[in-house]
Amino acid sequence: MESARREPFTRLSRELYAGQESRHAGPRQALRAARRTFLAGERVDMGTLAAELGVDRATLFRWVGNRDELLSEVIWSLCLPTWQGAVRGAEGTGVTRVVSVFHAFSAAIIDAGFFRAYLRRERDRALRLLTTRAGVHQTRVIALFEGLLQAEEADSGLRLPLPARDTAYVMTRIAESFIYADLIVGEEPDAAKAAAAVAALLGPAQS
């Protein structure tokens with residue numbers, strides 16, 4: 001099965017794993033409220049969120065960490081189901097399957113209007129959070145690709161140009177280059193070009 005490792009952790013992810021579901025305000029409710037705001041294409045403001053939950057800012061920060069950590073978990077809570085959908089709908093085996101997952105996953109991210117709104121609204125901060133070690137998102141995406149590659153190595157004998165972790169890293173950087181192309185070089189994001197680049201990396205479909 002393709003990996004979906006959540007590490008590295010944020011304060012909120014630790015709270016979500018350790019905490020119990022509650023009807024009262026807490027980390028889970030904070031995540032849900034922030035996600036609603038994010039999906040509406042609006043800025044997640046910590047003061048506004050604390051007021052909505054009926055707590056002070058200090059309590060909210062104790063639950064979720066800082067704003068970047070909260071946004072990381074909001075984005076991941078939307079990213080992971082997108083990934084799972086791409087995996088379920090993938091075609092073929094080996095290179096064909098990997099490229100199919102990659103293309104569907106990248107296209108869904110590019111087409112998400114609420115996500116594009118976030119990128120336009122917080123360009124520099126978003127790129128730092130999503131594409132560098134300043135946040136947890138990039139490491140998590142690498143882990144998803146690595147799990148997919150390892151599964152195809154085991155199930156279909158996929159031969160990789162580099163070890164799975166390194167190949168997954170290159171695939172992640174390719175995805176970033178094309179998903180955020182409008183922010184980085186002023187060109188249109190293009191999932192098909194990203195998938196073609198991954199196909200070239202992996203080589204022809206192997207029988």
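Using the UniProt record's numbering, the final residue of the sequence shown is 207, and nothing's skipped along the way. Glycine included, C-beta positions come from ideal geometry on N, C-alpha and C.
- Scanning its chain for C-beta atoms nearer than 6 Å, with the 5 sequence neighbours on each side dropped, one finds around F102 the residues A195, V198, in chain order.
- Boundaries for P161: no alpha helix (DSSP H) harbours it, and the DSSP string shows neither H nor E there.
- Going by beta carbons, A25 and V44 fall outside the 8 Å limit.
- Counting along the chain, no alpha helix (DSSP H) covers D190, and no H or E run does either.
- R67 has its alpha-carbon roughly 19 Å from the corresponding atom of R116.
- Of all C-beta pairs linking the region 111-129 to the region 172-185, three or more are shorter than 8 Å, placing the two stretches in contact.
- Excluding the 5 residues flanking it on each side, E73 has same chain C-beta neighbours closer than 7 Å at T10, L12, S13, L31, in chain order.
- As the crow flies, the alpha-carbon of G147 is around 23 Å from that of A134.
- Comparing C-alpha distances from W76 to each of E42, I142, P204 shows the shortest one belongs to I142.
- Counting along the chain, the unbroken alpha helix (DSSP H) around Y118 starts and ends at 113-121.
- For V87, the enclosing alpha helix (DSSP H) begins and ends at 67-88.
- Note on geometry: alpha-carbon atoms of A34 and L49 lie some 7 Å from one another.
- Across the set V136, S177, I110, the C-alpha of I110 shows the shortest separation from the C-alpha of T82.
- The shortest CA-to-CA distance from H137 to any of G85, L39, V87, L71 is the one to L71.
- The criterion of a C-beta distance shorter than 8 Å is not satisfied by A107 and S100.
- With a threshold of 16 other beta carbon atoms within 10 Å, P27 meets it and is buried.
- A straight line joining the alpha-carbon of T96 with that of F114 spans about 30 Å.
- The beta carbon of R121 sits closer than 8 Å to the beta carbons of R43 from its chain, once the five residues preceding and following it are set aside; these are given in chain order.
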